[in-house]
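S.K.: Read left to right, the sequence shown gives residues 9 to 85 (this note's numbering).
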Amino acid sequence: MGKPVSIEVKTAADGSREVNACFFLPERIQADPPTPTDPLVFLSQRPTLTIFTTYVREREKCVCVCVKILWENKMIR
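1) So what's I15 in DSSP terms, helix, strand or just coil?
2) Quick one: grab the DSSP three-state call for V73.
3) Could you give the C-beta distance for I59 and S14, rounded to a whole number, given that I count them as a contact under 8 Å?
4) Helix, strand or coil for L78 per DSSP?
5) Hey, P41 and L48 are a contact pair by Cβ (cut 8 Å); roughly how many whole angstroms apart?
6) Residues in the same chain with beta-carbon distance under 8 Å from P44, minus the five sequence neighbours each way, listed in chain order, please.
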């Protein structure tokens, strides 16, 4: 996957998960996007958001890296 992708995971009380993969549409097709042919694929608009990304193998290290980035960008205090 070469384009921006965000994965949204929602966990229900019973432990089941709903996973949505969100793909960025290039500006040139945003005004008139193609119609999905698969009924499980749908188009939706998301509000403007800032996403910080990183890759680490260990979950604890990932949390520390993410908190550091958020702190440095004054997004948490």
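All C-beta atoms, glycine included, are put in the ideal place defined by N, C-alpha and C.
M.R.: Taking the structure as given:
1) What you label residue 15 is simply residue 7 of the sequence shown in a count that begins at 1. In the three-state scheme derived from DSSP, where H, G and I count as helix and E and B as strand, I15 is classed as strand.
2) Taking the first residue of the sequence shown as position 1, residue 73 is located at position 65. Assignment of V73 by DSSP, reduced to helix, strand and coil, places it in the helix class.
3) Locating residue 59 in the sequence shown gives position 51, where the first residue counts as 1. Locating residue 14 in the sequence shown gives position 6, where the first residue counts as 1. Yes, they are in contact, since the Cβ atoms of I59 and S14 sit about 6 Å apart, within 8 Å.
4) Reading the sequence shown from its first residue, position 70 is the one you call residue 78. Here L78 carries a helix assignment [DSSP, helix/strand/coil].
5) Here residue 41 refers to the residue found at position 33 of the sequence shown. Here residue 48 refers to the residue found at position 40 of the sequence shown. Between the beta-carbon of P41 and that of L48 there is about 17 Å, and that puts the pair past the 8 Å contact cut.
6) Indexing the sequence shown from 1 puts residue 44 at position 36. F50 and L51, listed in sequence order.
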